[in-house]
Each structure stands twice: as structure tokens, then as C-alpha cells.
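Going by this note's numbering, the final residue of the sequence shown carries number 161, and the count climbs one at a time with no gaps. Every residue, glycine too, gets a C-beta built ideally from N, C-alpha and C. Here is the structure we will look at.
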Amino acid sequence: MLVNKEENIVQCAATLACELHKGQVDKAGVDYFTGHLTAVAKMGTTWQQQVVGYLHDASEDTPHSVEEVLNLLDAKLGTPLSDTDRLELADALHLLNHHLAPNRETYIHRIKENALATAVKMHDLTHNMDLSRIPNPVKKDYERIERYKREYAYLSKA
């Protein structure tokens, strides 16, 4: 089956995310790739949103920097991303790494400055707000959901 360039990039990003997050589980104890990353990526309406959906936690939850993650993606592709595509993906991935912001508020405010990062973060929050994923939610889970709702509302404002 022939796939176009963008579909190939998405497939390679999915394969890479699966490898990088191997053995990780989400708050519900479900495999992180199949339980969270795939859900976030599938909400994407563009190939860029899907790629960033798969890779948005790679530089937070693995020892790799954004640049290393994109180099690994290039290796999977067999040819490097175009400079324009790489810059667009890198900008969003940097913004989505909360370790690179001094606090949560700054992190969310920075994300809103970038349309791609905003779209993916809203997909991420949508999935995270689904309490049905957590078998026995406790007070801490409900408090986290309330924070996610506030962040989602902020990001969705024009």
C-alpha cells in the first residue's frame, strides 16, 4: 500500500512514540502509547497535529531532547523533515514540555501563542479530563480535572 509523505511522517512518529514510551503507563495504569498518545494523536485534524500528538510527551517523559526526538524521527523517515516542517514541529514540542517553563501558568500562556501547540494541548486536556479512564478516582483526580478544565477554557478563548 502506498502512503503519501504526510501519512508516512505520522506513521513514523507513532512508531517512534511507541518505542520511546515502551513500558510507561498513564494514570489509569494503561499503556501510555495506546492509552494516551494514540488518543491525543487521533484527535488531530492535520498531520502536524497528529505527529505532535504522538510526540508531545517524548522530551518530558524520556531522556531525549526535542532535537533528539526529531533526529530519531528523521532516522525513521530515512530522509530529514523539511526545515519548515521541522521548525514548526520543534516549536510546538518545546512549548508542550512543561519542564521548560518556570511554572504551570507560564507554560499554558506560552502554549496559547502557538496554534499547533494549542490544538494538541487541547486534545491532551480533553483526553486527560475523561475521568471514566480512572477506575476509582480520588479527590486529587477531581482537583486535577478542575485545573484541566480551567486550562482548556483559557486555551479555547479567542
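7 Å Cβ shell around residue i - same chain, five flanking residues per side excluded
i: R147; result: none
i: H39; result: D29 and H130
i: F36; result: A20, C21 and H24
i: D77; result: P83 and L84
DSSP-derived helix/strand/coil call for residue i
i: V123; result: helix
i: V141; result: coil
i: D94; result: helix
i: D64; result: helix
i: D133; result: coil
Boundaries (first-last residue) of the alpha helix (DSSP H) holding residue i
i: N74; result: V69 to L80
i: K188; result: One cannot answer for residue 188 here, as it falls past the ends of the chain, which runs 4 to 161.
i: E108; result: R107 to K115
i: G47; result: Element bounds for G47: n/a, residue is neither H nor E.
Within 9 Å, strictly: CB atoms of residue i and residue j
i: A95; j: V141; result: no
i: L92; j: L58; result: yes
i: V72; j: S85; result: no
i: W50; j: E108; result: no
i: L99; j: V55; result: yes
i: V52; j: L103; result: The question names Val, yet the displayed sequence has Gln at residue 52. The answer is no: Cβ separation not under 9 Å.
Residues near residue i in its chain [Cβ-Cβ closer than 8 Å; skip 5 each side]
i: L158; result: I111, I114, K115, T121, K124, M125 and L128
Sequence-distant residues of its chain with Cβ nearer than 6 Å to residue i (five each side left out)
i: Y151; result: L128, N131 and M132
i: L177; result: An answer regarding residue 177 cannot be provided, because it is not within the stretch 4 to 161 covered by the chain.
Count Cβ pairs between the region 7-23 and the region 44-62 that sit closer than 8 Å; are there 3 or more?
Touching, yes.
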